[in-house]
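Colleague: Residue numbers (the numbering used here), protein chains in the order written: chain A, 1 to 80; chain B, 1001 to 1188.
1) Using a Cβ-Cβ cut-off of 7 Å (strictly less than) and excluding sequence neighbours within five positions of residue 1040/B, which residues of its own chain qualify?
2) Leaving aside the five residues before and after residue 1151/B along the sequence, list all residues of the same chain whose C-beta is less than 6 Å from its C-beta, in chain order.
3) Kindly list the residues whose CB is nearer than 7 Å to the CB of residue 64/A, restricted to its own chain and excluding five residues on each side of it in sequence; keep chain order.
4) Checking contacts by CB at 8 Å: is residue 68/A closer than that to chain B?
5) Within a Cβ cutoff of 6 Å, which residues of the same chain sit near residue 1172/B, ignoring the five residues on either side of it in sequence?
6) Along the segment 1132-1147 of chain B, what residues have a CB closer than 8 Å to any CB found in chain A?
7) Does the structure place the segment 18-25 of chain A close enough to the segment 1138-1151 of chain B that three or more beta carbon pairs sit under 8 Å?
8) Is the Cβ of residue 1042/B closer than 8 Å to any Cβ of chain A?
9) Kindly list, in the order they appear in chain B, the residues whose Cβ is closer than 8 Å to that of residue 74/A.
10) Can you tell which of 1054/B, 1076/B, 1048/B has the C-alpha that lies nearest to the C-alpha of residue 70/A?
11) For residue 1154/B, which residues from the same chain have a beta carbon less than 8 Å from its beta carbon, with the 5 sequence-adjacent residues on both sides left out?
12) So which of 1025/B, 1026/B, 1031/B, 1044/B has the shortest CA-CA distance to residue 30/A?
13) Exposed or buried, what is residue 1028/B when buried is set at 16 or more other beta-carbons lying within 10 Å of its beta-carbon?
14) Could you work out which residues of chain B lie near residue 50/A, taking near to mean beta carbons separated by less than 7 Å?
15) Pull up the distance between the alpha-carbon of residue 1067/B and that of residue 34/A, whole angstroms please.
16) Would you call residue 52/A buried or exposed, if buried means 16 or more other Cβ atoms sit within 10 Å of its Cβ?
17) Candidates 1078/B, 1062/B, 1127/B, 1069/B: which alpha carbon is nearest residue 1052/B's?
18) Between which two residues does the alpha helix (DSSP H) holding residue 27/A run?
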């Protein structure tokens, strides 16, 4: 399954914390498969990991854009 | 107070660069507003869907006279998408009292912080090869490619890729802490 690193909890958290999300048939943003494989504590941890990660990404980007923002802009511009 | 609505005319006219500046300022606040739902819905997916919808409705959005109406709209859209997801999954609603639009504290735009940027770049340079590679790969992809694709490009198995990413993230945090930088403090 795309995006599913198996049963490794840390890997699942890391996967869920990424900004990549697949698109559905109607173009909707789909839930990451790792979300369904994590318990509440893992999901909450992934949220905090992602939050901090985006701050770091934005600080590294010349226009202050995280990978979330860049994924959205790529979609808007027709490239994502 | 910074008012991100200053960007609204350009955004409404279809200026994606202006929307990027809006995202730089608004993303952290919208993401934080989704924290109460983090155990029930994939907040990253909801956040991206929210921001796409903000872009779509911006040309029809009428500011209400208070600052940051577009940011408040984004928070409302995100909350409604979460509620829709919970209803579809037949899950109980989340009790929240921190989503009152009247109390939204807008954030400063995510203009690059030169010092933080330099510290992160310095810490990044100190990473071992593999963790540095996977971090660079995700940054370069800008959230547009799955980890499997990035891992394959680097000749790694997916779990190895993710383990290296965890190492990179933790080593960066430790390096930043040595410089008295706590990324959690940077969250807005």
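Beta carbons are placed, not taken as given, at the ideal position from N, Cα and C, and that holds for glycine.
Modeller: Inspection of the coordinates gives the following:
1) 1086, 1091, 1094
2) 1158, 1161
3) 58
4) yes
5) 1123
6) 1138, 1139, 1141, 1142, 1143, 1144, 1145, 1146, 1147
7) yes
8) yes
9) 1142, 1143, 1144
10) 1048/B
11) 1133, 1134, 1137, 1161
12) 1044/B
13) buried
14) 1044
15) 38 Å
16) buried
17) 1078/B
18) From DSSP, residue 27/A is part of no alpha helix (DSSP H); its letter is neither H nor E.
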